[in-house]
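Trainee: This note's numbering applies: residue 958 is where the sequence shown begins, and numbers increase by one. Where is the CB? At the ideal position from N, CA and C, for every residue including glycine. Model, not experiment: these values are computed from the prediction. Below you'll find the structure I mean.
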Amino acid sequence: MTLKFVTQIQRMFLQLPHFHKILVSVISVALLLLLIIPSEPATASKNTTPAEQLMPGKRYQLELAFEQAGSDKNTERANLTWQTYQIKSGDSLAKVFNKVGYSAQQLYQVTESGEDAKYLRQVYPGDLLRFATDDTDQLVQLVYQLNDTETLIITRQNDSFVAEIETKDVEVRTEFTHAVIDSSFWNAGIDSGLTDNQIMRIANIFGWDIDFALDLRKNDEFSVLYETHYVDGEFVGYGKILAAEFVNRDERFQAILHDNGQYYTPNGRAMRKTFLRSPVNFTYISSSFNPRRLHPVTGRVRPHNGIDYAAATGTPVMSSGDGKVISASYNSLNGNYVFIQHGERYVTKYLHLSRKHVRTGDRVKQGQVIGRVGATGRVTGAHLHYEFLVNGAHRNPRTVELPKAQSLSESELPSFRQHADQVMAILNDNKRVYLAMR
958 MTLKFVTQIQ RMFLQLPHFH KILVSVISVA LLLLLIIPSE PATASKNTTP AEQLMPGKRY
1018 QLELAFEQAG SDKNTERANL TWQTYQIKSG DSLAKVFNKV GYSAQQLYQV TESGEDAKYL
1078 RQVYPGDLLR FATDDTDQLV QLVYQLNDTE TLIITRQNDS FVAEIETKDV EVRTEFTHAV
1138 IDSSFWNAGI DSGLTDNQIM RIANIFGWDI DFALDLRKND EFSVLYETHY VDGEFVGYGK
1198 ILAAEFVNRD ERFQAILHDN GQYYTPNGRA MRKTFLRSPV NFTYISSSFN PRRLHPVTGR
1258 VRPHNGIDYA AATGTPVMSS GDGKVISASY NSLNGNYVFI QHGERYVTKY LHLSRKHVRT
1318 GDRVKQGQVI GRVGATGRVT GAHLHYEFLV NGAHRNPRTV ELPKAQSLSE SELPSFRQHA
1378 DQVMAILNDN KRVYLAMR
């Protein structure tokens, strides 16, 4: 502001009437006071703490804002109280909520929190439920671990709850094992580090070509390429068998898993056939197919038109193929028995059962348990008598030619064979390394 401008202001002020001079002076003084004197004592910002008031090593409580899945942002206190309850025999969800201090209304809200809440109806003794409570003693969250990779989380959102499944990523690794049979296939599998379930799966893969009760010999061998699963670096279980090789009596059988979940030879021929070689697993033959066998009870020469599998009473007996039960009954010679018709040409018979699990007229699938090994009828001990008939004539179940396996379609073969070559190369490389280290 220049001196000339200030002089003009002074002249204008002097020319004002006396009353106006007083009014302007009062207003000027009031404005000056408002600029100099604050209306209230100065304070620090809500989010700013003077540095000199912070104590080193001291923990301060803060208000945290967090976003819950599927809802608007809600501001809650971070200091939740957690308690864990282990399910006991006889517990119901209502009893559990009552024991941990929650109301029937909260239980209802939790069970109505969504489709995934159904898993709470499947809790078993030993399972753990974790409950989170806020400062007002209200239930905020319930956590139930379903398995190694999935956890049910039910979270409060305003006046209701929402259920969701949290899934952890699974790391899949490939492992290899090899074994030589000394005493039995089962023992060789256990010694190689395979689980009971894996051993049974290998037997199922090759069960159409190998009779595991009769065909195995000492020094037979097998190799397996399979998956293992890890979560957060921790082992959580086994996955699929990717490929396997079984050498039985110098004959080599190979199986590769296809995308459709079935196993095929490297040339694309299905491992699965119309019939299993054996209707029982891991037993031994007490009497083979023999048209001129001396009967152990009567002492007379009488054809033995089947195979006797010696096994403990109660051992599961499986249908060797898909079909229809044409007779399931009892008589003094056969004891409890089941006859199954497979299409027009084939019939299988299962005698001396301790129990029958099917009835006449039932439809059965290959591998379905139809009864249990027993000692009913004219027998000297517990065993299964198994017969195989083709067009009404008895055939040796061990050597009869079975219907050929179905191959992959021509359109699928190129990509499958490329995959099979890669998988078998991995299996063979691992086998060479394994044998070199022995």
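Take the Cβ of Pro-1236 as the centre, count every other Cβ of all protein chains shown within 10 Å, and call the residue buried at 16 or more, exposed below.
Mentor: buried
Trainee: Nearest by alpha-carbon distance to Met-1381: which of Val-1321, Asn-1288, Thr-1222 is it?
Mentor: Thr-1222
Trainee: Starting from Phe-1133, trace the beta strand (DSSP E) in both directions and tell me its first and last residue.
Mentor: Residues 1128-1137.
Trainee: One question on the structure: do Ala-1145 and Asp-1073 come within less than 8 Å of each other, judged by their Cβ atoms?
Mentor: At least 8 Å separates the beta-carbon of Ala-1145 from that of Asp-1073.
Trainee: Distance check for Asp-1153 and Arg-1130, CA to CA, integer angstroms please.
Mentor: 20 Å
Trainee: If you draw a straight line from the alpha carbon of Tyr-1195 to that of Phe-1133, how long is it in whole angstroms?
Mentor: 12 Å
Trainee: Is it buried or exposed, Arg-1389, if we count other Cβ atoms within 10 angstroms and call 16 or more buried?
Mentor: exposed
Trainee: Taking the beta carbon of Arg-1320 as the centre, do at least 16 other beta carbons fall within 10 Å, making it buried, or is it exposed?
Mentor: exposed
Trainee: Quick check on the DSSP output: the alpha helix (DSSP H) that includes Val-1057 runs from which residue to which?
Mentor: 1050-1057
Trainee: Count the other CB atoms, across all protein chains shown, that sit within 10 Å of the CB of Thr-1305; report buried if there are 16 or more and exposed otherwise.
Mentor: By the neighbour-count criterion, in which a residue is buried when 16 or more other Cβ atoms sit within 10 angstroms of its Cβ, Thr-1305 is buried.
Trainee: Between the Cα of Ala-1268 and the Cα atoms of Leu-1037, Gln-1211, Leu-1310, which residue gives the shortest distance?
Mentor: Leu-1310
Trainee: Are the beta-carbon atoms of Gly-1328 and Arg-1302 separated by less than 8 Å?
Mentor: no
Trainee: Could you pull the DSSP bridge partners for Ala-1170 from this structure?
Mentor: BP columns for Ala-1170 are empty, so no partner.
Trainee: Assess, as a yes-or-no matter, whether the region 1370-1380 is touched by the region 1212-1228 under the definition of 3 or more beta carbon pairs within less than 8 Å.
Mentor: yes
Trainee: Taking 8 Å as the cut-off, decide whether the C-beta atoms of Gln-1043 and Val-1057 are in contact.
Mentor: no
Trainee: Are Leu-1050 and Leu-1077 touching if we call contact CB-CB under 8 Å?
Mentor: yes
Trainee: Whose C-beta lies closer than 6 Å to the C-beta of Gly-1150 among residues of the same chain, with five residues either side of it excluded?
Mentor: Excluding five sequence positions before and after Gly-1150, the CB atoms of its chain that fall closer than 6 Å to its own CB belong to Thr-1134, given in chain order.
Trainee: Does the distance from the C-beta atom of Leu-1365 to that of Gly-1218 stay below 8 Å?
Mentor: no
Trainee: So, with DSSP's three-state summary, where would you put Gly-1146?
Mentor: helix
Trainee: From the DSSP output, read off the bridge partner residues of Gln-1098.
Mentor: Ala-1089, Thr-1112
Trainee: Among all the DSSP beta bridges, which residues are the ones paired with His-1351?
Mentor: Leu-1346
Trainee: Considering only C-alpha positions, which residue in the set Asn-1353, Asn-1348, Ala-1332 is nearest to Asn-1262?
Mentor: Relative to Asn-1262, the option among Asn-1353, Asn-1348, Ala-1332 whose CA is nearest is Asn-1353.
Trainee: Roughly how many angstroms lie between the CA atoms of Arg-1113 and Ala-1089, to the nearest whole one?
Mentor: 10 Å
Trainee: Kindly list the residues whose CB is nearer than 6 Å to the CB of Asn-1387, restricted to its own chain and excluding five residues on each side of it in sequence; keep chain order.
Mentor: Phe-1133
Trainee: Please go through the same chain and pick out, in chain order, the residues whose beta-carbon is closer than 7 Å to the beta-carbon of Gly-1280, but skip the five residues on each side of it.
Mentor: Ile-1297, Gln-1298, His-1299, Val-1321
Trainee: Taking the alpha-carbon positions, what's the Gln-1079 to Asn-1055 distance?
Mentor: Each residue's alpha carbon lies about 18 Å from the other.
Trainee: Kindly say whether Gln-1102, judged by its beta-carbon, lies nearer than 8 Å to any beta-carbon of chain B.
Mentor: Among the chains in the structure shown there is no chain B, since it carries only a single protein chain.
Trainee: Taking the alpha-carbon positions, what's the Glu-1208 to Gly-1083 distance?
Mentor: 49 Å
Trainee: Under DSSP, the beta strand (DSSP E) around Asp-929 begins and ends at which residues?
Mentor: In the structure as shown, the chain starts at 958 and stops at 1395, and residue 929 therefore has no counterpart that could be examined.
Trainee: Using a Cβ-Cβ cut-off of 6 Å (strictly less than) and excluding sequence neighbours within five positions of Phe-1232, which residues of its own chain qualify?
Mentor: Ser-1277, Gly-1278, Leu-1359, listed in sequence order.
Trainee: Which same chain residues, not among the five before or five after Gln-1375, have their C-beta less than 6 Å away from its C-beta?
Mentor: none
Trainee: Starting from Ser-1372, trace the alpha helix (DSSP H) both ways and give me its first and last residue.
Mentor: Going by DSSP, Ser-1372 is part of the alpha helix (DSSP H) stretching over 1370-1394.
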